[in-house]
Structure formats: C-alpha cells, structure tokens
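Step one of this worksheet: look at the structure below.
Numbering (this note's numbering), first residue to last: 237 to 655.
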C-alpha cells in the first residue's frame, strides 16, 4: 500500500514537472520584444507604434481568449489542448524567425493569443488542479508558478549567453527564436506523453454543448468566482503595470546605475518567483486555506508598498528603496503562485473547472488591456518622483481593495460550507 502511494505521489510530481517544462517556454516568444526590442525592430523594419500594435493585438486576443478558453478546457482533453498549444506556438515561432512583413506579424500575434491562452491557459490550470487533492492544491499551484519561473530563467539564460551572444545582432535574434521554437516542439511531445487524459478524472467521458452552457451559468451565478476574479485583478495590476515601474524608478529617480538595475531586474523577475511561489504553496497547505494566506499577504503588500512609496527619493536612499521593492515583489510573487487556489475551496465540479478558471482569468488579467496605458499617461513624457509615487499610491489602494475582496470571498466560502 505504501509503495503504491509513493508511486502515485512520484507520478504527480513528474506530471507537474512536465507541465512546468512547457509552461516555462509558452510565453517567451509572444513577449520576446521585451528582451530584444531594438534588434527585432531593426529586423522587421517597423516603427515603435507598429511594435506597440503587435502587443495590443496580443493583449486584446488574450483577454477574450481567457474567457472562452475555459469552455474549451471543459469540452476537450487537456492533454491534447496543452500539446497542440505548444506545437502551434512553436510552428508560429519558425514563421516568426523568417522576419515576415508587418501584416504577417499581426497574424502571428493573433495565433500566439489563441495558442498560449485560448487553448492553453485554462487547460493548464485544470490539469494542475486535477493532479492533487484539496489538501495539496497550495503546493501544486505554488510549485507550478515556481517551476514556470525556473524553466523560463533557464531557457532565457541559455538562449542569451550560448546562442544570442555568439552573434549579437539580427542573426542572433533569429537563432534564438529558432532555439525557443525547438523547445516548444519538445515540450509538446513530452506533454502528450506524460499529461494524463482529463476525461479519466471526470464523471462523463464527453461533455455536450448544453452541459457547457449549464456549467457557464452555474459558475457565473457564483458570487465568489467574481470576487476571486476581482481580487486577482487588483493583485495583477500591482504585479505587472505597477511593480513593472521599479527599474525606471530606480534609475531615473533613485540614481541607480542602469547595469545594476538590469541585474536587479533579472533577479526580481526570475529568481524571486521561484522562491516565493514555492514557499507560498507550502504555507497555503499548512494554513489549509488560500484565502487565509492571501489575507496575510495583502496586508504585507499594503505595508511594503506604502513604505516603498514614502521612502524619500535620492541616491542616498537607493539601497533602502531596492530592499523594500524586493520585499513587495516577493509578496506579490507569493500571491501569484496561489491566487487561483481559492477556486478549490468553492466545491466546483471537476467538469466545470476550466470554465471557472477562464472567467477568473478573464477578469483578473484584464489589466493587460489597459493598465499599462493608464500608468503611462500618469507618468507623462518626463516622469519624476511625484509621478512615480502617484502610481505606487494607486498600487497601495489596489492592494487594499484586493484585501477587502479576499475577505468577501472568505465570508462567501464560510456561508457555502454552512449551507
């Protein structure tokens, strides 16, 4: 009996490992311009506006895809969805490496939006949820986030130092895109071989369209789902558009050297998520409640962001600013690893998990469609300490709103348990 339990546990972690192999690469190509902006712009021969338009297309398609991808995850086998998503993204990467025309680039970003969100994201969330029992959800989602960060770090560092650096120009960028595309194909094969059929974990082998509509209505009538989605929305605003301003704030206001800031950014974006998400997963399972953990996390985030914002500007306070900024980042990465776990406390049937994940993701990730623009307008053309601090105070307010929404979710969960 003990050997069987040990074997099942090992299989769970192997499957989670394979999910992380694919998850670490899945968003690298859609967002590659963040790392190689100038080289890509030169290779494509397009303007800054057109470069921005590419990301706008990706953001719009992704926002819509989060919602409807959940229905797809409940209709079809997650093993097929994840594998196809990775393979299609890899194929689009090979096309991308030819440095095609602007209209073709727009088409590629459209494909990326579908292949990395519509067919992938809710299916991946469902696959992770089905791996563990209720007592294991914190660890499963925490280590999932940590694994994504770790593999993304390994892929990007190997690609940058071994491939791009060998020819640091347009040729190097083409080579690294091909390198990433090969990883997509390898991850697709591994996913197909190791990720189990989702139908084996559900009561029905097939889900009809009427079942999907019933599931959509069932999930949409749950106030807690909307609470969780809005809570994720608040945390995601702080995580992306808000803390994304740390590096320019440190360099332009606190006087930090750009090279040092770049190194700090690498540690913050890759190492911190790995450590924070894994720790958060363990803590959630110890508390036996994701919402209890998130209450503590939101309070810490409010304190950290407020302390960061009131820290005086100037080179003499740069070290203090960096330490507090890293503390706030650590907390938000802990939250990112676990803010989907409250869904597991809502007793949602397995056949509707994809739909629930899609709705929460649609609401939670909406900031991608407009928050960067809002904060960009707040910064203006020549931002100083006042403009940046205004953004960080907005982040404090968003964290406070997230705390209230999380508390509301706790209340609704308690009422559900008593009913």
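A virtual CB, placed ideally from N, CA and C, is assigned to each residue, including glycine.
Query - Bounding residues of the alpha helix (DSSP H) (the contiguous stretch that carries residue 570) - result: 554–572
Report task. Return the first residue and the last residue of the alpha helix (DSSP H) that residue 524 is part of. Result -> Residue 524 -> no alpha helix (DSSP H), and no H or E assigned at all.
Query - Contacts around residue 263, its chain only, beta-carbon distance under 7 Å, and the 5 residues preceding and following it disregarded - result: 352
Query - Sub-8 Å separation of residue 252 and residue 378 beta-carbons - result: no
Requested in this report: Please state whether DSSP places residue 457 in a helix, a strand or coil.
Outcome: coil
Query - Cβ shell of residue 523 (< 7 Å), same chain only, five flanking positions each side left out - result: 529
Query raised in the report: So residue 280 is in the alpha helix (DSSP H); what residue range does that whole segment cover?
Result: 269–280
Report task. Measure the Cβ-Cβ separation of residue 304 and residue 594 and say whether it is below 8 Å. Result -> yes
Query raised in the report: Going along the chain, which unbroken runs of the alpha helix (DSSP H) with 4 or more residues stay wholly within the region 574–639?
Result: 589–600 and 603–615
Query - Residue from 296, 376, 407 and 569 with nearest C-alpha to residue 349 - result: 296
Query - Beta carbon of residue 560 nearer than 8 Å to that of residue 486 - result: no
Query - Distance, residue 641 Cα to residue 317 Cα - result: 32 Å
Query raised in the report: Below 8 Å, can you find three or more Cβ-Cβ pairs linking the region 279–287 to the region 578–591?
Result: no
**Report entry** Spatial neighbours of residue 602 in its chain, beta-carbon cut-off 8 Å, leaving aside the 5 residues before and after
**Finding:** 299 and 469
Query raised in the report: In chain order, what residues of the same chain have a beta carbon less than 8 Å from the beta carbon of residue 276, not counting five sequence neighbours either side?
Result: 268, 269, 287 and 409
Query raised in the report: Out of 613, 646 and 545, which has the shortest C-alpha to C-alpha gap to residue 621?
Result: 545
Query raised in the report: Quick one: is residue 577 buried, meaning 16 or more other Cβ sit within 10 Å of its Cβ, or exposed?
Result: buried
Query raised in the report: For residue 570, which option in 606, 554, 515 and 579 has the closest C-alpha, if you only look at C-alpha atoms?
Result: 515
Report task. Within the same chain, show all residues whose beta-carbon is closer than 6 Å to that of residue 414, passing over the 5 residues directly before and after it, in chain order. Result -> 333
Query raised in the report: Rounded to a whole number of angstroms, what is the C-alpha to C-alpha distance between residue 605 and residue 285?
Result: 16 Å
**Report entry** Spatial neighbours of residue 565 in its chain, beta-carbon cut-off 7 Å, leaving aside the 5 residues before and after
**Finding:** 479, 504 and 508
**Report entry** Counted within 10 angstroms of its Cβ, other Cβ atoms place residue 425 as buried (16 or more) or exposed
**Finding:** exposed
Query raised in the report: Which residues bound the alpha helix (DSSP H) around residue 406?
Result: 406–430
Query raised in the report: How about residue 542 and residue 632: do their beta carbons lie closer than 8 Å?
Result: yes
**Report entry** For residue 572 and residue 272, the rounded distance between their alpha carbons
**Finding:** 26 Å
Report task. Give the DSSP-derived three-state secondary structure of residue 319 in the structure shown. Result -> helix
Requested in this report: Measure the C-alpha to C-alpha separation of residue 447 and residue 471 and round it to an integer number of angstroms.
Outcome: 32 Å
Requested in this report: Output the distance between the C-alpha atoms of residue 616 and residue 623, rounded to the nearest integer angstrom.
Outcome: 8 Å
Report task. Would you please state the rounded distance, in angstroms, between the beta carbons of residue 455 and residue 359? I believe it to be under 8 Å. Result -> That belief does not hold up - the Cβ atoms of residue 455 and residue 359 are roughly 16 Å apart, past 8 Å.
Query raised in the report: For residue 545, which of helix, strand or coil comes out of DSSP?
Result: helix
Requested in this report: Put residue 490 into one of helix, strand or coil per three-state DSSP.
Outcome: coil
Query raised in the report: CA-CA distance, residue 610 and residue 619?
Result: 14 Å
**Report entry** Cα-Cα separation between residue 340 and residue 347, rounded to whole angstroms
**Finding:** 11 Å
Query raised in the report: Based on Cα-Cα distance, which residue from 551, 517, 614 and 613 lies nearest to residue 368?
Result: 517
Query raised in the report: Could you give the C-beta distance for residue 329 and residue 417, rounded to a whole number, given that I count them as a contact under 8 Å?
Result: 3 Å
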